[in-house]
Amino acid sequence: MTTVIMRTTARVIVPIVLVVAISLFIEGHNLPGGGFIGGVLTTTAFAIIYMAFGLDFLERGILGRDVDPGKEPSRDRVVVAYRRLFAYGFAIAVASGLAPLLYDQPFLSQTFVILEGIPIYDHLEVASALAFDFGVYCVVVGGLLTILSVVGAE
Amino acid sequence: MSPDQAVIVAAVALPFAAAALTPFVFRILGEETGIVGVLVALSSFALLLTQYGAEGTVALQWIPSLDIALRFYVDGWALLFALLASGIGALVFAYSPAYMHGQSGLVRYYAAMLAFMGSIVGVALASDLIAIFLFWELTSLCSFVLIGFYTADDSSQYAARMAMLITVGGGLFLLVGLLLLSVMAGDVVGPASAFDLAAMLENSDAMQSALRDRGLFVPVMGLLAIGAATKSAQVPLHFWLPNAMAAPTPVSAFLHSATMVKVGVYFVGRVRPMFLGSEWLLLFVTLGLTTMTVCAIMAVAATDIKELLAYSTASHLGLMIAGFGFTSVYGAEAGVFHLFNHALFKAPLFLVAGIIAHETGTRQIDSLGGLRRDLPVTAAITTIVALSMAGIPPFNGFYSKELLYEAAVEASHHHDIGALGRLYPAVAVFGSIFTVLYSLRFLSLFFGDRPDELGPVQSPPLTMLVPPALLALLAAVVSVDPQLAVDAIVQSGLEATAIDPHEMHVGIPTSYSLPVGMSAVTIGVGLAAFPFYGRLNGSIRAISRAVPQIRPNWWYDAIVDGLTDEGRWLADRVHNGLLRTYATWTLSGTCVLALVGFVAAGAIEPAELGVEATLSIALVLLVAATGALAVALSDSHVAGVLTLSILGFMIAIFYILASSPDLALTQLVVETLVLLIFLLVIEEIPESYAIGLRRSIRDVVLSLAVGTTAFVTVLVTTSARPGGSTYIARQFAERAVPEGGGSNIVNVTLVDFRGFDTLGELVVIALAAISILTLIVMRGSGDGGLIDTRAGNELLDNESSDDERLEGGLSEENPLEGGPSGTPPDGGNSDDADTGIEGGDTQ
Chain A
1 MTTVIMRTTA
11 RVIVPIVLVV
21 AISLFIEGHN
31 LPGGGFIGGV
41 LTTTAFAIIY
51 MAFGLDFLER
61 GILGRDVDPG
71 KEPSRDRVVV
81 AYRRLFAYGF
91 AIAVASGLAP
101 LLYDQPFLSQ
111 TFVILEGIPI
121 YDHLEVASAL
131 AFDFGVYCVV
141 VGGLLTILSV
151 VGAE
Chain B
1 MSPDQAVIVA
11 AVALPFAAAA
21 LTPFVFRILG
31 EETGIVGVLV
41 ALSSFALLLT
51 QYGAEGTVAL
61 QWIPSLDIAL
71 RFYVDGWALL
81 FALLASGIGA
91 LVFAYSPAYM
101 HGQSGLVRYY
111 AAMLAFMGSI
121 VGVALASDLI
131 AIFLFWELTS
141 LCSFVLIGFY
151 TADDSSQYAA
161 RMAMLITVGG
171 GLFLLVGLLL
181 LSVMAGDVVG
191 PASAFDLAAM
201 LENSDAMQSA
211 LRDRGLFVPV
221 MGLLAIGAAT
231 KSAQVPLHFW
241 LPNAMAAPTP
251 VSAFLHSATM
261 VKVGVYFVGR
271 VRPMFLGSEW
281 LLLFVTLGLT
291 TMTVCAIMAV
301 AATDIKELLA
311 YSTASHLGLM
321 IAGFGFTSVY
331 GAEAGVFHLF
341 NHALFKAPLF
351 LVAGIIAHET
361 GTRQIDSLGG
371 LRRDLPVTAA
381 ITTIVALSMA
391 GIPPFNGFYS
401 KELLYEAAVE
411 ASHHHDIGAL
421 GRLYPAVAVF
431 GSIFTVLYSL
441 RFLSLFFGDR
451 PDELGPVQSP
461 PLTMLVPPAL
471 LALLAAVVSV
481 DPQLAVDAIV
491 QSGLEATAID
501 PHEMHVGIPT
511 SYSLPVGMSA
521 VTIGVGLAAF
531 PFYGRLNGSI
541 RAISRAVPQI
551 RPNWWYDAIV
561 DGLTDEGRWL
571 ADRVHNGLLR
581 TYATWTLSGT
591 CVLALVGFVA
601 AGAIEPAELG
611 VEATLSIALV
621 LLVAATGALA
631 VALSDSHVAG
641 VLTLSILGFM
651 IAIFYILASS
661 PDLALTQLVV
671 ETLVLLIFLL
681 VIEEIPESYA
691 IGLRRSIRDV
701 VLSLAVGTTA
711 FVTVLVTTSA
721 RPGGSTYIAR
731 QFAERAVPEG
741 GGSNIVNVTL
751 VDFRGFDTLG
761 ELVVIALAAI
771 SILTLIVMRG
781 SGDGGLIDTR
791 AGNELLDNES
801 SDDERLEGGL
811 SEENPLEGGP
821 SGTPPDGGNS
831 DDADTGIEGG
841 DTQ
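In order, the protein sequences belong to chains A and B. Residue 1 is where the first sequence starts when you use full-length UniProt numbering, and the numbers rise one by one after that. Residue 1 is where the second sequence starts when you use full-length UniProt numbering, and the numbers rise one by one after that.
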């Protein structure tokens, strides 16, 4: 599928998809979106890269390493990074759930503050749920990319 | 005086914390890690001792929405048991380094022992039903690790699995009983203390009548009894306990004598005030006396010193259960006092057995004798504790057994139990005669002739001698002045377990009464029969060899082997490595469950199909339906995938039209991703393949069933909705902005209100990723992997059986050699490797 049309299109749309994914993630609390959708969309962007440039592109093109052809897919550097990503994501989600315990609140209880007078935004709401949602995002991205690259490498 | 929360929590938490730190401690101290164990156990002991005389509940918030808390209830009974566990724990830790010298896996040993002690102290103090159950099962888990300590030894693994199966299985019965109890307590003592055992016990009369009103009295009592009986090795579930002697001897001393097996007895004593009645008497006295007699007879048939002690432990547990079974106050006295006495004499006996095995290299009773000259101090210790076990006056075991006799006689006088009134005392005496016999046999290891083949015997190191000596000293003190122990702790234990406690007095009887006569008969017949011990031993063993069905062990093996065969048969059909088999079973199972559920709940009723779809929705659904048909008809994978995504995108548009943008977004994104993944892997899938008629019929039927189920589910769930939005939906809508601070209700629900669900979904995603990784890695290790593994296992099996032959049953590693009942079948676990996936994933 690595046709010229595909590559050219991918170059244009991947950044857009990523930006949309991040904005979906951030504004999830008030508008449609959230960690899960943001994560899946991010994964979609990666999947397009894989489609257009092949699975080894990330390792060779971005990390600048030669791919070791004999290596098992699960030992691949990129896959290791994905695995780490979902492990960290999970840790973040659990930690954000444990944090309320320090304030004598039940596990996973959330709160929010509204900051006034911020430049440009003027009125910014920061919800503690964002941390948990970030954990969700990381687990989704890490988990799906692990599956994608391991299955795709077969 | 009310208990101090910090102290109690520290006493329970300390062993667990130490268990977690064991690997680091072991790196510094090596084999001397036992010293840390001693310190931890002593600290727990000292902390508990400061609570002496306290009574009351302390609670830590745990799951406030369900009113579950980490409650600890302190009273004399709890303290007695917790002090025994930590005190004997300290001595066992002191004993361990010398005994376990040079063995591998010591980190596991010490960590498990510490956690074991912590969980037993936890059971003793916990008063929340959930906490009790958790600590209860923790003791099972820890004992599994400890019994299976010799991982290379088949019999050890067999015994560990057996103990786990029996005690954890019994724990599940207990769980059901506890939950029923909590349902009851919710009505009687109020929902706020529905899990609070202490509150239930305070209202035990109200609880009892409520249970009787609903007809739950006998079921709940039975369930709790099964839990306690498995844990405390009551007949017919006693057989795991003798097998558990595969554990290292210090573990046995701790497990068999002081603690874990007594957890059941302890619990029976704990709930006794709530259930006391004629059913209680009938159930527990019968259970206890049967166990006491059967296990005493089996102990006489033992050929191995640890086996003898293990059976005798089960027998004494029966005595305690029978004691608690008698409804009179004497019964509670017998139970509490014997629990205390038994710990004092059985722990040193096991430690002595460890010394004998360690110094002589054998545990066979027949090849031991005349050890008095080699091990004089040990002989002195044994004399005190063995005579105490036999119940010879004035040793301490005598007093508590006398109380049992009194309770039995009293029950026959004051209760209308018919012939049982005569039978109970008679059985108690009959069982106790065997107790005298095997106690004397154990003692005779130190007296009489020394067999010629017994090699030189060294005296044990001081650290192995002091712990049993201390316990024997305590036993001697209690023997001389039993009232001392009664005043110190037994009386307060009695007050918690009896409903009509009175001032307890114990001493040597000075005038004749029926119980005294019973004791005299017991001891007299025991002494008279002792010369015929060998013949008794032989004939009991001959009977059990001739009729294997009378051994519960035989039943256990038959059932477990049968289940293994069934499991293999099932695995061939359900779990055969073919994706389509899995899909068939999963989908059809789900459909059947859902449909049967609807029918059972009476949810399916002829509802009119109100068609209110707008033109645009109808149009979208029409396209979707066409797409679905096209999927089924498409003849290449690419076309199939593309048409499938038409269906998916149409559903997304449907969501948009039905004003749920979040769902639509998710659907769109997931649809895109799935399409991409399909395109990525599509080259690997074979072009097309022919499938047989049978399989295509099956597929059609399955897809029709799935479609019907989905359709019916949608119909049922939407028609059941009351007019307008539900209470929950309104709540979410109203509370999203003020409490979650977000105007996207879906997201606020996901992260603020139902965060726990989302966390669970994260676990699912992580698990999916991990399992795919594992699958690929496993497949990557070569297609011949399964065959290799099986060959390797056979090799291992052969090696281990060679080892057994070489060891000749002389060492710790193979303790079951020649036992009448504990012999594991060789075929029990050699076929485990055969359950591998066969057939491969060929389409």
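Ideal Cβ placement from N, Cα and C applies to all residues, glycine included. Only a predicted model underlies this, so the values are computations on that prediction, with no experimental measurement involved.
Proximal residues to residue i (C-beta, below 8 Å), its chain only, five neighbours per side dropped
i         : result
Ile-5/A   : none
Ala-115/B : Pro-15, Phe-16, Ala-19, Leu-138, Cys-142
Gly-818/B : A caution first: Gly-818/B carries a pLDDT of 39, below 50, which makes its placement in the model unreliable, though a value can still be read off. Cβ neighbours of Gly-818/B beyond the five flanking positions: Thr-303, Asp-304, Gln-364, Gly-809.
Val-457/B : Glu-359, Thr-360, Leu-371, Asp-374, Leu-375
Element boundaries [alpha helix (DSSP H), containing residue i]
i         : result
Asp-481/B : No alpha helix (DSSP H) contains Asp-481/B, which DSSP labels as neither H nor E.
Phe-132/A : 129 to 153
Ile-8/B   : 5 to 29
Ser-588/B : 579 to 600
Arg-441/B : 420 to 443
Ile-685/B : Taken as a continuous stretch (DSSP letters only), Ile-685/B belongs to no alpha helix (DSSP H), as it is neither H nor E.
Ile-604/B : Unbroken run through Ile-604/B: none, as it is neither H nor E.
Tyr-110/B : 106 to 125
Asp-154/B : 154 to 188
Thr-43/A  : 35 to 53
Gln-208/B : 204 to 213
Close beta carbons around residue i, own chain, < 7 Å, minus the five adjacent residues each side
i         : result
Arg-108/B : Val-145
Gly-61/B  : Going by the sequence as given, residue 61/B is Gln instead of Gly. Result list for Gln-61/B: Ala-69, in chain order.
Val-79/A  : Pro-73, Thr-146, Ser-149, Val-150
Ala-192/B : Asp-67
Val-40/B  : Leu-14, Pro-15, Ala-18, Leu-114
Thr-3/A   : none
Val-385/B : Phe-345, Pro-348, Leu-349, Ala-472, Ala-475
Own chain partners of residue i with C-beta closer than 6 Å, once the 5 adjacent residues on each side are dropped
i         : result
Phe-275/B : Met-221
Ala-296/B : Ser-315, Gly-431, Phe-434, Thr-435
Met-164/B : Phe-144
Pro-3/B   : Gln-51, Ala-54, Gly-56, Val-58, Val-74
Ser-801/B : Because the pLDDT of Ser-801/B is 40, which lies under 50, any placement of that residue in the model is unreliable, and the number read from its coordinates should be weighed accordingly. Result list for Ser-801/B: empty, nothing under 6 Å.
Boundaries of the beta strand (DSSP E) in which residue i is found, first to last residue
i         : result
Ala-247/B : Premise fails: Ala-247/B is in no beta strand (DSSP E) and is neither H nor E.
Tyr-73/B  : 68 to 74
Thr-57/B  : 56 to 63
Ile-691/B : No beta strand (DSSP E) contains Ile-691/B, which DSSP labels as neither H nor E.
Gly-117/A : 112 to 118
Within 8 Å, strictly: CB atoms of residue i and residue j
i         : j         : result
Val-714/B : Phe-132/A : no
Leu-450/B : Tyr-533/B : One point to set straight first is that residue 450/B is Arg, not Leu, in the sequence displayed. No. Outside cutoff.
Ser-232/B : Ile-130/B : no
Ala-132/B : Val-121/B : It is worth fixing the name first, because residue 132/B is Ile in this sequence and not Ala. No.
Gly-28/A  : Ile-765/B : no
Leu-339/B : Val-265/B : yes
Ile-381/B : Pro-468/B : yes
Met-51/A  : Leu-680/B : yes
Tyr-99/B  : Gly-354/B : yes
Val-377/B : Leu-443/B : no
Partners in chain E for residue i, counting only beta-carbon separations shorter than 7 Å
i        : result
Pro-32/A : The chain inventory of the structure shown lacks chain E, comprising the protein chains A and B.
Whole-angstrom C-beta distance between residue j and residue i, which should lie under 8 Å
i         : j         : result
Thr-584/B : Leu-702/B : 6 Å
Ala-82/B  : Leu-48/B  : 5 Å
Tyr-95/B  : Pro-348/B : Not a contact, Cβ separation roughly 10 Å.
Gly-76/B  : Gly-335/B : At roughly 13 Å, the Cβ-Cβ gap does not stay under 8 Å, so Gly-76/B and Gly-335/B are not in contact.
Ala-159/B : Asn-243/B : 4 Å
Ile-448/B : Gly-369/B : In the sequence on display, residue 448/B carries Gly and not Ile. The pair is a contact, with the Cβ atoms about 5 Å apart (cut-off 8 Å).
Take every Cβ of the region 331 to 341 of chain B, pair it with every Cβ of the region 232 to 241 of chain B, and state whether three or more of those distances are shorter than 8 Å.
no
Are at least three pairs of beta-carbons, each pair with one atom in the region 307 to 316 of chain B and one in the region 536 to 553 of chain B, less than 8 Å apart?
no
Three or more C-beta pairs under 8 Å: does that hold for the region 695 to 712 of chain B against the region 592 to 607 of chain B?
yes
Closer than 8 Å is the cut-off here; do at least three beta carbon pairs connect the region 14 to 23 of chain A with the region 650 to 666 of chain B?
no
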